[in-house]
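For reference, the structure discussed in these notes is given below.
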Amino acid sequence: MTDLAKTSAMANAIRALSMDAVQKANIGHPGMPMGAADIATVLFTKIMKFDPKAPNWPDRDRFVLSAGHGSMLLYSALHLLGYEDMTMDEIKNFRQLGSKTAGHPEYGHATGIETTTGPLGQGISNAVGMAMAEAKMAADFGNDLVDHYTYAIAGDGCLMEGISQEAITLAGHLKLNKLIVIWDDNDITIDGKVSLSDSTDQHARFRSAGWNTITVDGHDEDAVEKAILEAQKSDKPTMIAAKTVIGFGAPTKAGTSAAHGAPLGDDEIAGARAALGWDYPPFEIPEEVLDAWRLAGCRSTKHRTAWEDRLADKDADTRAEFERRLSGELPSSFDADTKKFKHQLADEKPKWATRVASNKALEVINGMMPEMFGGSADLTGSNNTKSGEQGIFTAEDRSGNYVYYGIREHGMAAAMNGIALHGGLIPYGGTFMVFTDYCRPSIRLAALMGVRSIFVMTHDSIGLGEDGPTHQPVEHLTALRAIPNLSVFRPADATETLECWELSLKQKDKPSILSLTRQGVPAVRTEYASENRCAKGAYVLKGNEDADVVLFASGSEVSVAMDAAKELENQKVSVRVVSVPSMELFEEQSDDYKAQIFGNAKARVAIEAGIEMSWQKFLGPTGKFVGMDSFGASAPGAQLFEHFGITAKVVVDAALSQL
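All residue numbers for the sequence shown refer to numbering that gives the first Met the number 0, where the first residue is 0 and numbers rise by one.
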């Protein structure tokens, strides 16, 4: 078998496994894997640096299948290359309960899957974050330890989604030259020809964003290889437009939307086998072809072992720091340094806005954690996300650890996920709380993947004031609390803000939201406590378990609860104030602890400058809610709290009405 014939047969192995798995499942997307099989074969067998025997090798090239509906392309390649957990049984169980071969690739299901893709545009945006992380880690540790590329295969859908524009303009601005995106230019969407809905000149678009672009026949393996090697030499990110035929080989469905999202059918598959010269039964790979794939999977073993030698030759401190950062562990000084700052807060009792308190906490955290990689979507001065010692990460200087993301909230959030997935850095990024709507798909995917992305969301209520209802979040806290595996923190003062930062950083397997005020708030934690009281999600700030009234509150409204408690005590009513910085962490506590928090109060009141929905479990059948049931208004924040009845007097009346 000639080299060309062997490469063609290797690509046909992807096509066969893809159409067979989709057919067996009776659902899926065979067209994209069949069309992009030649591209994937070149990438995995001739270009990329990875080792199936050490799948988490830190200096491997990253591959992102942004067109995640074509998941069988990736699963087939992983199996053929010899990734141990991608067995033929997993291929046969495509899309079945408990299999590693989900409908769209899911991070953590199997080695070799670098990110969860499905919502189009997310993958290419994650890839931008991965390329940013590679550049930053290379600046920190040198090219002898960090020197790899990020490759993504994207489809028309990825490029049409608005998030892709945010991602590609950021990548072009930062000149992420080790990012190579291959556009599977097959001219087909679900509805039919791309011309039905789009006429964008993608080359002009990418070039205007600062990218290099190349056109190639996606079925010409030699041309694809040359294009990628050319892209590697560019000083810009590169988009390779690879012209392909969706469903390549299918006799009647190739080149049509019929090949996109449904099984081909037995007759069409038989015709495809004949057209491709693939004379083997379903799920059978001839020994010669499988051997060629497995040999390709071993290509980088020598590079990996040489890299391990280079790491071993580093001085002990460099090696330990590199390994600590890749493991995601915090520095040994973390607890001592944060407790020292906590003592200071207890002594000084500052009345900072929690966004200011967050910045003060970051001064301490960033000072001891070089892996912190922060940024803001054009709101640095408002989000207070930049601490004094942070340099700027730019196209010219990769040493900085702060990113000006520009007005790209969604792209920022997705890039942060890519940074977290890459490893070695802890990303955090800020915008206004109301714009979590713009970030939500990426926040949801961070939770689904279980990665430590930290979203700093300031201006968290009507308390932001005059910007008005378009900028005043009302339903957002409840909406975010509905996302599984996401910690939503709403601290009440500077001490709680520090504690919530500590918790966000110690949770390696989930993202966090820090919901922070624009306006100043009084210190409600006036005594030093070595324990992190926010860690239980809710705790008694004032009062006894047998109180007649219990007041629950979060964030800036905790001080409203404290004022109401004073008034109730003046009226000889016993009261307990419970601060609730994290409903999610409270849900994790024991039934006994929850019973202690709820007590046997005759009256319950919850106070939050948002909607009631997420507080119902605290209130029970008769409790009262003091908060918002409408959008906000334009006025100074203090006036708005009066106008909407989020005051100590209203809280007192709500409590007394239940007694």
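We treat Cβ as the ideally placed atom computed from N, Cα and C, and that holds for glycine.
Remember, it's a predicted structure, so these values are computed and weren't measured experimentally.
Among all the DSSP beta bridges, which residues are the ones paired with Thr317? Looking at the DSSP assignment, Thr317 forms no beta bridge with any residue, so it has no partner.
Consult DSSP for Thr44 and reduce its assignment to one of helix, strand or coil. The answer is helix: DSSP assigns Thr44 an H, G or I state.
Close beta carbons around Pro285, own chain, < 7 Å, minus the five adjacent residues each side: Only Tyr279 meet the Cβ criterion.
Less than 8 Å between C-beta atoms, sequence neighbours within five positions excluded: which residues of the same chain meet that for Ala446? Closer than 8 Å at the Cβ level, and outside the excluded window around Ala446, lie Ile482, Pro483, Asn484, Leu485, Lys509, Pro510.
Nonlocal neighbours in the same chain, by C-beta distance under 7 Å from Met18, ignoring five residues either side: Contacts found: Pro29, Met33, Leu263, Ile268, Ala271.
Given Ala354 as reference, the closest of Ala253, Ala241, Met371, Asp492 once Cα atoms are compared: Residue identity differs from the one stated: residue 354 is Arg in this sequence, not Ala. Among Ala253, Ala241, Met371, Asp492, the Cα nearest to that of Arg354 belongs to Asp492.
How is Pro426 classed by DSSP in three states: helix, strand or coil? In the three-state scheme derived from DSSP, where H, G and I count as helix and E and B as strand, Pro426 is classed as strand.
Are at least three pairs of beta-carbons, each pair with one atom in the region 289-296 and one in the region 2-12, less than 8 Å apart? By the Cβ criterion, the region 289-296 is in contact with the region 2-12, since at least three pairs of Cβ atoms, one from each stretch, lie closer than 8 Å.
For Tyr527, tell me which candidate among Leu540, Ile364, Lys232 has the shortest Cα-Cα distance. Minimum Cα distance to Tyr527 is reached at Leu540.
Nearest to Leu144 (by Cα), restricted to the options Lys313, Ala335, Ser357: Ranking Lys313, Ala335, Ser357 by Cα distance to Leu144 puts Lys313 first.
Do Val193 and Ala151 come within 8 Å of each other at the CB atom, strictly closer than that value? It is not a contact, given that the beta carbons lie outside the stated cut-off.
Ala271: first and last residue of the uninterrupted alpha helix (DSSP H) it sits in: Here the alpha helix (DSSP H) through Ala271 covers 265-275.
Under DSSP, the alpha helix (DSSP H) around Tyr74 begins and ends at which residues? It spans 70-80 - the alpha helix (DSSP H) in which Tyr74 sits, taken as one unbroken run.
Expressed to the nearest angstrom, what Euclidean distance is found between the alpha-carbon atoms of Gly128 and Met415? Taking C-alpha positions only, Gly128 is separated from Met415 by approximately 6 Å.
Between the CA atoms of Thr384 and Leu361 - distance to the nearest angstrom: Going from the Cα of Leu361 to the Cα of Thr384 covers about 8 Å.
I need the DSSP call for Lys192, collapsed to helix, strand or coil. Strand.
In three-state terms, what does DSSP make of Asp2? Look at Asp2 here: in three-state DSSP terms it is helix.
With the cut-off set at 8 Å, would you say Ser633 and Glu465 are in Cβ contact? Going by C-beta atoms, Ser633 is nearer than 8 Å to Glu465.
Where does Arg489 fall in DSSP's three states? Reduced to three states, the DSSP call for Arg489 is coil.
First through last residue of the alpha helix (DSSP H) which encompasses Asp711: Here the chain covers residues 0 to 658 and nothing more, so residue 711 does not appear.
Are there 16 or more other CB atoms within 10 angstroms of the CB of Gly669, so buried, or fewer, so exposed? The chain is shown only over 0 to 658; residue 669 falls outside these bounds and no answer can be derived.
Using 8 Å as the threshold, is the C-beta distance between Phe488 and Pro580 below it? Going by C-beta atoms, Phe488 is nearer than 8 Å to Pro580.
Per DSSP, which residues does Glu607 bridge with? Please list them. Answer is Gly626, bridged to Glu607.
So the candidates are Ser256, Arg94, Asp234, Ala222; which of them puts its Cα closest to the Cα of Ala240? For the residues Ser256, Arg94, Asp234, Ala222, the minimum Cα distance to Ala240 belongs to Ala222.
Under the DSSP definition of a beta bridge, which residues are partnered with Val539? Paired residue(s): Val577.
Kindly identify the DSSP beta-bridge partner or partners of Lys182. Inspection of the sequence shows that residue 182 is occupied by Trp rather than by Lys. According to DSSP, Trp182 bridges with Ala153, Ala240.
For Phe340, would you say it is in contact with chain C, using Cβ-to-Cβ distances shorter than 8 Å as the test? Here there is only one protein chain, and chain C is not present.
Select from Leu550, Glu498, Gly254, Arg517 the residue whose C-alpha is nearest the C-alpha of Thr457. Selected option, being the one with the closest Cα: Arg517.
Enumerated in chain order, which unbroken segments of the beta strand (DSSP E) with a length of 3 residues or greater are wholly contained in the region 324-392? Correct list: 371-375.
How big is the Cα-Cα spacing for Asn92 and Asp266? Counting only the Cα atoms, Asp266 lies some 22 Å from Asn92.
Using C-beta distances below 6 Å, list every residue in its chain close to Ala24, excluding the 5 sequence neighbours before and after it, in chain order. Within the same chain, Ala24 has close Cβ partners Phe93, Arg94.
Residues near Arg61 in its chain [Cβ-Cβ closer than 6 Å; skip 5 each side]: For Arg61, same chain residues with a beta-carbon under 6 Å away, outside a window of 5 residues either side, are Glu113, Met129, Thr149 in chain order.
Please list, in chain order, all residues of the same chain as Asn211 whose beta carbon is under 6 Å from its beta carbon, the five residues on each side excluded. Result list for Asn211: Ser233, Lys235, Thr237, in chain order.
Please determine, among Ala15, Lys48, Gln121, Ala295, the residue with the shortest C-alpha to C-alpha distance to Met701. An answer regarding residue 701 cannot be provided, because it is not within the stretch 0 to 658 covered by the chain.
Reduced DSSP secondary structure (H/G/I, E/B, other) of Thr300: Helix.
Taking the alpha carbon of Gly117 as the reference point, which residue from Ser124, Pro104, Ser514 has its own alpha carbon closest? Per the Cα distances, Pro104.
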